[in-house]
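Chemist: One rule links them: number in the working numbering = place in the sequence shown (from 1) + 9. For each residue, glycine too, the CB sits at the ideal point set by N, CA and C.
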Amino acid sequence: MNYNEVISYIEKRNLMGSVLGLDNIKALLKKLGNPERSVPAMHIAGTNGKGSIMAYVENVLIEAGLKVGRYISPTIFDYRERWQICKEYISKEDCAELLSKVIGTVEEMEQSGEGRPTSFEIETAAAFLYFKEAGCDIMLIECGMGGSQDATNVFLKTPIDVIASISFDHMQFLGNTLEAITSEKLGIVKDRDILVSYPQSEIPEKVIDDFAADKKNYQRYRKTDRSSITTLESGIWGTEFIYKNENYHISMAGGAQVYNAATAIEALEAFNDIADDYKLKKIDKDTVRKGLAKTFWPGRFTVIGSEPLFIADGAHNEDAWCRLSEDINKYFTNRKIIFIIGVLKDKEYDRMLDILTPFMKHAITLTSNSPRALDGRTLAGLIGERNVAAEYSESISDAIDRALEIADQESDSVIIACGSLSFIGDIIRVKKDKDNAKG
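(1) In three-state terms, what does DSSP make of Thr387?
(2) Whole angstroms are fine: how far does the CA of Val15 sit from the CA of Glu119?
(3) Would you call the region 382-401 in contact with the region 319-334, where contact means no fewer than 3 C-beta pairs closer than 8 Å?
(4) Taking only the alpha-carbon atoms, compute the straight-line gap between Thr366 and Glu97 and give it to the nearest angstrom.
(5) At which residues does the alpha helix (DSSP H) containing Gln266 begin and terminate?
(6) For Leu107 and Ile175, I'd like the C-alpha separation in whole angstroms.
(7) Taking only runs that begin and end inside the region 288-376, name each unbroken beta strand (DSSP E) of 3 or more residues, in chain order.
(8) Which residue marks the beginning of the alpha helix (DSSP H) containing Gln120, and which one marks its end?
(9) Span of the alpha helix (DSSP H) holding Met10?
(10) On the CB-based measure, 16 or more other CB atoms within 10 Å of its CB, does Gln209 come out buried or exposed?
(11) Applying the 10 Å Cβ sphere with the 16-neighbour rule, what's the burial state of Pro380?
(12) For Leu362, count neighbouring Cβ atoms within 10 angstroms of its own Cβ and tell me buried if that reaches 16, exposed if not.
(13) Could you spell out where the alpha helix (DSSP H) holding Met63 opens and where it closes?
(14) Who are the near neighbours of Thr376 in its chain, counting only those whose CB is closer than 7 Å to its CB and skipping five residues on each side?
(15) Alpha carbon to alpha carbon, how far is Asp103 from Gly247?
(16) Where do the ends of the beta strand (DSSP E) carrying Val77 lie?
(17) In whole angstroms, what is the alpha-carbon distance linking Lys441 and Met261?
(18) Where does Thr240 land, buried or exposed, given buried means 16+ other C-beta within 10 angstroms?
(19) Please classify Val93: does DSSP put it in a helix, a strand, or coil?
(20) Taking only the alpha-carbon atoms, compute the straight-line gap between Gly263 and Tyr65 and give it to the nearest angstrom.
(21) With distances taken between CB atoms, is the gap from Val48 to Phe164 smaller than 8 Å?
(22) Ignore the nearest five residues each way along the sequence and tell me which others in Leu29's own chain have a CB closer than 6 Å to its CB.
(23) Using only the alpha-carbon positions, how far apart do Arg332 and Ala412 sit?
(24) Alpha carbon to alpha carbon, how far is Val297 from Glu249? Give it in angstroms, no decimals.
(25) Do you know how far the Cα of Ala136 is from the Cα of Gly144?
(26) Val216 by DSSP, collapsed to three states: which one?
(27) What residues in its chain sit with their C-beta under 8 Å from that of Tyr268, if we drop five residues either side in the sequence?
(28) Indicate the three-state DSSP secondary structure (helix, strand or coil) for Thr240 in the structure shown.
(29) If you check the beta carbons only, do Ile34 and Thr167 fall under 8 Å apart?
(30) Is Asp435 buried or exposed, if buried means 16 or more other CB atoms sit within 10 Å of its CB?
(31) By Cβ distance below 6 Å, which residues in the same chain neighbour Asn445 in space, the five residues on each side in sequence not counted?
(32) Find the nearest neighbour of Leu3 within the set Leu301, Gly55, Gly122, Ile347, judged by alpha-carbon distance.
(33) Identify the continuous beta strand (DSSP E) that holds Leu149 and give its terminal residues.
(34) Identify every residue that forms a DSSP beta bridge with Thr195.
(35) Excluding the 5 residues flanking Val423 on each side, which residues of the same chain have their C-beta closer than 6 Å to its C-beta?
Put into C-alpha cells, the structure is as follows:
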C-alpha cells in the first residue's frame, strides 16, 4: 500500500470509533513480536498538559544526545506528526511501509477471528514497531484517553509514569467525579515504576497520594512541589523561574507552563534514577536548562502575530478555559479581546462561554473541522445571548481576515483563537500563509 492508500484505510477504520479495552491491541502486538518491550518508555497520562510536559522532556533528552521517539494524539498539523524521532516526522514512504506491515497483521487477525483492532490501536502498535526498528534509546508515549483501558497501556513495565494535570473531560468514558478520573489515569502505573505527578488540585492530589502510600504500587514517588516554584518574571514570550533552588527559563507562555516544566524536571530526575539500568547517560542540570529553554509546543498560548497581537490556544475543556482566562487577566488587562472560536458539541461549551464571554469584545465563530463540531451559527447565537457581538464565519481564512479588520478599528486589541484543538493547527497554518503572501 502507498501513503494515500494507508491513509484511506485508516480513515475508513475511524468509523469504528473508540473501543476501550486491551484485548485487541495485546493480540496485535503479540503477532508483531511485542515491540513495546524493546525500548524503555516514559508513559504520560492526564487531562491537560501532557503534550507540553512531553515536549520539555523530549527537548532535554535530545539535547543530551539521545535518540527519542515520541507518540502523540491527536495531531494538529499533519497525520504523520503522531510518530516522531528527535522531532522529525516519519517520512511518507516509511509511514506507508510501517502501516502496511501492521495492517497486514490486522487482516490476518480478522480472517482468523482473533479480533478487530481500531485505527488508534493500529497507530499505537505502529509507533512501538517504528521506535524499535529505528533503535530509539527511549520512547515517550502519550495516552490517548484515560489510562487503564487506553490502547497505550500495554507495557509489562514502564520505568517512568507521569500524571499530568487532571480535571473533567471525557466523563462519558472515564467517570463523573475527579476521584474516578484520577483512578483511571493511575491505571498506567505498574509495579516498580517511578510515579511522577504534576502539582494537582486537592481531589486528584489526595487520590494520587493515597495510591502512592501503598508502596507496592510504585518504586518511587516524585511529586512536583508547588511550594518549591518561584516565578521571577513572566510574560507572553516566556518565564523565568526557580525550582528547588535552580534557575530556569522557558519560552512557552501561559501560567500552567511553569508547573508543566517543573513536572518535566521531576520526570528527568526519574530518568536519571533509571539511566544506569538501561545503560543510558545521566543528564546534568545545564542540559536540562538548555533543553527547557529551547522547547516550543505550538497551539499552547502561542503568539502567531504581533501587530495586532494574535494568540492561538488549544484550550478545549473547563480547566483549560479557566487557565486561559487567568492568562488573559494576567497579560491583557483592559485590552479589547477579539475571539475566533469553535467548539465540539460534546464539550461543556455553555461553561466555556460562562468563563470566557466576560473577556470578549467581539467573537467570530467557526464550525471546526470535526464530525463532533458544534455548528458555528449556533455558537454565535449562544454568545449573542450573553450580550457579546458575535458573527459566524464560513472559513478560517475569512475569520482571520474579519478579526484583523475589527482589530484595525479597535486600538489596543488582541486576537485569541481557541475552543478546540481540531482547528488550531489550521488557524496557525492559514495565518502563516497569509503572512508569507504579504512578503
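Modeler: Taking the geometry as given:
(1) For the purposes of this step, residue 387 is identified with residue 378 of the sequence shown, where counting begins at 1. Thr387: helix per DSSP, three-state reduction.
(2) Counting from one through the sequence shown, the residue named residue 119 turns up at place 110. Counting from one through the sequence shown, the residue named residue 15 turns up at place 6. Glu119 and Val15: Cα-Cα distance of roughly 17 Å.
(3) no
(4) Reading the sequence shown from its first residue, position 357 is the one you call residue 366. Reading the sequence shown from its first residue, position 88 is the one you call residue 97. Whole-angstrom Cα-Cα distance: 39 Å.
(5) The count along the sequence shown starts at 1 and reaches residue 266 at position 257. Its alpha helix (DSSP H) spans residues 265-284.
(6) On the sequence shown, position 98 is the one that residue 107 refers to. On the sequence shown, position 166 is the one that residue 175 refers to. Answer to the nearest angstrom: the Cα atoms are 33 Å apart.
(7) 311-315, 318-321, 345-350, 369-374
(8) For this step, residue 120 is matched to residue 111 along the sequence shown. Element bounds for Gln120: 101-120.
(9) Taking the sequence shown and counting its residues from 1, the one referred to as residue 10 is at position 1. Neither: Met10 is in no alpha helix (DSSP H) and is coded neither H nor E.
(10) Walking along the sequence shown from the start, residue 209 turns up at place 200. It is buried - the Cβ of Gln209 has at least 16 other Cβ atoms within 10 Å.
(11) Within the sequence shown, residue 380 is the residue found at index 371, counting from 1. By the 10 Å Cβ count, Pro380 comes out exposed.
(12) Position 353 of the sequence shown, counted from the first residue, corresponds to residue 362. Label assigned to Leu362: buried.
(13) Within the sequence shown, residue 63 is the residue found at index 54, counting from 1. Run containing Met63: 59-72, per the alpha helix (DSSP H) assignment.
(14) The residue you call residue 376 lines up with position 367 of the sequence shown. Same-chain partners within the cutoff: Gly351, Ala382, Asp384, Gly385.
(15) Along the sequence shown, read from residue 1 onward, the residue named residue 103 stands at position 94. Along the sequence shown, read from residue 1 onward, the residue named residue 247 stands at position 238. Their Cα atoms are separated by approximately 36 Å.
(16) Along the sequence shown, read from residue 1 onward, the residue named residue 77 stands at position 68. Segment 77-80, the beta strand (DSSP E) holding Val77.
(17) Reading the sequence shown from its first residue, position 432 is the one you call residue 441. Reading the sequence shown from its first residue, position 252 is the one you call residue 261. Approximately 19 Å between the Cα atoms of the pair.
(18) Here residue 240 refers to the residue found at position 231 when the sequence shown is read from its first residue. Classification of Thr240: exposed, given that the 10 Å Cβ count is below 16.
(19) Residue 93 sits at position 84 when you count from the first residue of the sequence shown. Checking the sequence shown, residue 93 turns out to be Gln, not Val. Three-state DSSP puts Gln93 in a strand.
(20) Sequence index remark: in the sequence shown, residue 263 carries index 254 (1-based). Sequence index remark: in the sequence shown, residue 65 carries index 56 (1-based). Answer to the nearest angstrom: the Cα atoms are 15 Å apart.
(21) For the purposes of this step, residue 48 is taken as residue 39 along the sequence shown, with counting starting at 1. For the purposes of this step, residue 164 is taken as residue 155 along the sequence shown, with counting starting at 1. No, Cβ-Cβ distance for Val48 and Phe164 is not below 8 Å.
(22) As a first step, residue 29 is located in the sequence shown; it is residue number 20 there, counting from the start. Around Leu29: Gln158.
(23) By one-based count along the sequence shown, residue 332 stands at place 323. By one-based count along the sequence shown, residue 412 stands at place 403. Straight-line Cα distance between these residues: approximately 23 Å.
(24) Numbered from its first residue, the sequence shown carries residue 249 at position 240. Numbered from its first residue, the sequence shown carries residue 297 at position 288. Computed Cα separation, rounded: 14 Å.
(25) Counting from 1 along the sequence shown, the entry for residue 144 is found at position 135. Counting from 1 along the sequence shown, the entry for residue 136 is found at position 127. So the two alpha carbons sit approximately 12 Å from each other.
(26) One-based indexing of the sequence shown puts residue 216 at position 207. Reduced to three states, the DSSP call for Val216 is helix.
(27) Translated into positions along the sequence shown, residue 268 becomes position 259. Once the five neighbours on either side are set aside, the close Cβ partners of Tyr268 are Gly58, Ser174, Tyr207, Pro208, Thr233, Arg235, Ile238.
(28) As a working note, residue 240 is residue 231 in the sequence shown. Three-state result, Thr240: strand.
(29) As a working mapping, residue 34 is identified with position 25 in the sequence shown. As a working mapping, residue 167 is identified with position 158 in the sequence shown. Not closer than 8 Å, so no.
(30) Residue 435 sits at position 426 when you count from the first residue of the sequence shown. When all chains shown are included, Asp435 counts as buried.
(31) As a first step, residue 445 is located in the sequence shown; it is residue number 436 there, counting from the start. The answer is none, since no qualifying residue turns up.
(32) Residue 3 is absent from the model: the chain starts at 10 and stops at 448.
(33) Position 140 of the sequence shown, counted from the first residue, corresponds to residue 149. Leu149 -> beta strand (DSSP E) spans 147-151.
(34) As a working note, residue 195 is residue 186 in the sequence shown. Reading off the sequence, residue 195 comes out as Leu, not Thr. The partner list for Leu195 (beta bridge, DSSP) is empty, contrary to what the question assumes.
(35) Mapped onto the sequence shown, residue 423 falls at position 414. Contacts found: Leu318, Phe341, Arg344, Ile346.
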